[in-house]
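Heads up: the structure comes next, in structure tokens.
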Amino acid sequence: MDSSTPSLAVAEQEALPGLFHGSSSERGVLSPKRPAVETAGMADVFPYYAGFAFEWATKQLSRDGSHVGSDMTVLDPWNGSGTTTLAAQSLGIRSIGVDRNPVANVIARLRGETSLKPQLTEAPPSGFGRGFYKATDPLNAWFSDRTTRRLRDWTTALRKADGSLNAVAAVALFRVIRRVTKKFEGSNPTWVKRSKSPEDRIRIPARELDEMLLTEQRALCSRIATQDLPKVGTTILTASSDSLPLRNNSVDVILTSPPYLTRIDYAVAYARELAILGHDISADRTLRSSLMGTTLIRKSETFSHEFGPVAQELLVNICGHDSKASSGYYLKQAQQYLTDLSSGLDEISRVCKEKSLVHLVVQDSFYKDVPVPLAEICIDEATARGWVLEEREQFVVRRSLVTLNTPARAYKKSNVAESVITLRRG
Ligand SMILES: C[S@@+](CC[C@H](N)C(=O)[O-])C[C@H]1O[C@@H](n2cnc3c(N)ncnc32)[C@H](O)[C@@H]1O
């Protein structure tokens, strides 16, 4: 990531003494939080709300490996930019990363590229305007027709037989479009504006654009070369945590950070990169509404899950809040989130072996002035599914994405806690 590209991970963290449970002496006080600038594990190649640091994930998995054995399978059902899968790969451990956002999966694939692959860079497509382009192209929300056409020359040329893009060239595209569309970003990093008029759209001469993309590709390739990763089985899948494409009893360790109940809209945050991959989130709401924590309410939602007492108390508190739409829209949004979390935990329970371990990194938050005790909710819901709490570590988060939301500031939130919860399958 260039220094002008802000990371979406803005929290600063410190350990809360006296709040450790379990054998923290064995593991020491190690914060999962990413440092402000993290270069390890190529975390800086593209801004992503990561949940935890690469080095922390590596230490965690190597500890698990010494208990479970190195022939283990690690899963992250909310894999994002692939910190878990990369940490596992660097230790030579087999892993599977699942994420519903295809942008995240491109970044995860790039980070797991091995330097042994010969042909990572792509030459500029020959000719102009030969790529697949339609008048309603989602890139037109930010780019002039000519620039969109050149971007489509690239994406058409990069598409492989299986429909996926070469990860190096795709992330080069992501980096370039993010840099040149900065003016469409507002104070909330998860909300991206669209051009209001054709004059507002970005124009870049084709040759200049090609040069920018080639420079990015070369830089990414030299970063990959310095990683020197082993080639182990790493599988990155675009799927949903509520129906994991995995066999029953096939996973030994889960290391993950689910979306929090903080109204981060991952589809809007990555609308430009999704447009590169051909998704138009303003015309088709399927992807956006399928993400956990989405701000859209699904029409078909029935909320049939029975939640434990901590989740139920949260719903009662939200419903009883005197601010506008608390008992309507906001209650539904929280119910939808908790339903997705419950379905994810059902799937985790299905795919995990007996005695397997789950590490969840979760952040508490606030709805207005109502605390959202996400760690307690996860513990409550997981123990109801037969998981046993082994350990919980808490860290205070000084500043979170929630505080970037101006209306939310009216409630003057105190610091919130981030927890690392370890559970074992009974
Ligand atoms: C906190 S981030 C995880 C970050 C990750 N630890 C990393 O290193 O980048 C949560 C992820 O959950 C993904 N997600 C949201 N809804 C999902 C769903 N229904 N199924 C799978 N992944 C989902 C989001 O796209 C996001 O990448």
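Numbering (my numbering), first residue to last: 220 to 645. In this text, a Cβ means the ideal position worked out from N, Cα and C, and glycines have one as well.
For ligand 1, is there a heavy atom less than 6 Å away from the beta-carbon of T641?
no
Three-state class that DSSP yields for I495 in the structure shown:
helix
Where does W606 sit, in a helix, a strand or coil, going by DSSP?
strand
Considering only residues of the stretch 510 to 582, which uninterrupted beta strand (DSSP E) runs meet the minimum length of 3 residues and lie entirely inside it, listed in chain order?
Along the length of the stretch 510 to 582, whole beta strand (DSSP E) runs at least 3 residues long occupy 571 to 582, reported in chain order.
Give me the Cα-Cα distance between D559 and L463, rounded to the nearest whole angstrom.
13 Å
I need the DSSP call for R643, collapsed to helix, strand or coil.
strand
By the 10 Å Cβ neighbour count, where 16 or more other Cβ atoms means buried, how is Y467 classified, buried or exposed?
The sequence given here has Asn at residue 467, not Tyr. Classification of N467: exposed, given that the 10 Å Cβ count is below 16.
Using the beta-carbon count (16 or more within 10 Å), is V607 buried or exposed?
Looking at its Cβ environment, which holds fewer than 16 other Cβ atoms inside 10 Å, V607 is exposed.
Identify every residue that forms a DSSP beta bridge with L474.
H578
Buried versus exposed call for G299 [16 or more other C-beta atoms within 10 Å across all chains shown]:
buried
Which of the three DSSP states is assigned to V399 in this structure?
helix
Ignoring anything shorter than 3 residues or poking outside the stretch 240 to 320, list the beta strand (DSSP E) runs there in chain order.
292 to 295, 313 to 318
Out of G350, S345, T445, state which residue places its alpha-carbon closest to the alpha-carbon of G260.
T445
Would you tell me roughly how many angstroms separate the C-alpha atoms of E492 and I326, rounded to the nearest one?
11 Å
With a threshold of 16 other CB atoms inside 10 Å of the CB of R644, please say whether the residue is buried or exposed.
Looking at its Cβ environment, which holds 16 or more other Cβ atoms inside 10 Å, R644 is buried.
Can you name the start and end residues of the beta strand (DSSP E) that T457 belongs to?
453 to 457
Would you call G311 buried or exposed, if buried means 16 or more other Cβ atoms sit within 10 Å of its Cβ?
exposed
Going by Cα to Cα distance, which pick from D290, F273, W275, Y267 is closest to S469?
D290
What residue does the beta strand (DSSP E) around E591 start on, and which one ends it?
This sequence places Val at residue 591; Glu is not what is there. Its beta strand (DSSP E) spans residues 589 to 591.
From the DSSP secondary-structure annotation, give me the bridge partner or partners of S584.
S584 is bridged to V591.
Output yes or no for whether 7 Å exceeds the beta carbon distance between E595 and V639.
Going by C-beta atoms, E595 is not nearer than 7 Å to V639.
Would you mind stating whether A486 and L510 have Cβ atoms separated by less than 7 Å?
yes
DSSP-derived helix/strand/coil call for L504
It is worth fixing the name first, because residue 504 is Arg in this sequence and not Leu. Correct three-state label for R504: coil.
Give a yes or no on contact between the stretch 433 to 445 and the stretch 280 to 287, applying the rule of three or more CB pairs nearer than 8 Å.
Flag = no, the stretch 433 to 445 and the stretch 280 to 287 do not touch.
Less than 6 Å separating the Cβ of T505 from some heavy atom of ligand 1?
no
Could you give the distance in angstroms between the alpha-carbon of E532 and the alpha-carbon of R253?
The C-alpha of R253 is placed about 32 Å away from the C-alpha of E532.
If you draw a straight line from the alpha carbon of A376 to that of A386, how long is it in whole angstroms?
13 Å
Among the candidates A306, G331, P321, whose CA atom is the shortest distance from the CA of I443?
G331
Starting from A636, follow its DSSP beta bridges and name the residues at the other end.
V615
Could you check if R426 is buried or exposed, using at least 16 other CB atoms within 10 Å of its CB as the buried criterion?
Answer is exposed; the Cβ neighbour count stays below 16.
Is P478 near ligand 1 - that is, is its Cβ less than 6 Å away from at least one heavy atom of it?
yes
Check each candidate in V591, W361, A306, G348 and name the one with the smallest Cα separation from D499.
W361
At which residues does the alpha helix (DSSP H) containing T367 begin and terminate?
It spans 364 to 377 - the alpha helix (DSSP H) in which T367 sits, taken as one unbroken run.
Sorted by chain position, which residues of the same chain lie with C-beta nearer than 8 Å to C538's C-beta, five sequence neighbours on each side aside?
Cβ neighbours of C538 within its own chain (closer than 8 Å, five residues either side excluded): S545, S546, L550.
May I ask you to list the residues that DSSP assigns as paired with E404?
E404 is bridged to V411.
Please classify I596: does DSSP put it in a helix, a strand, or coil?
helix
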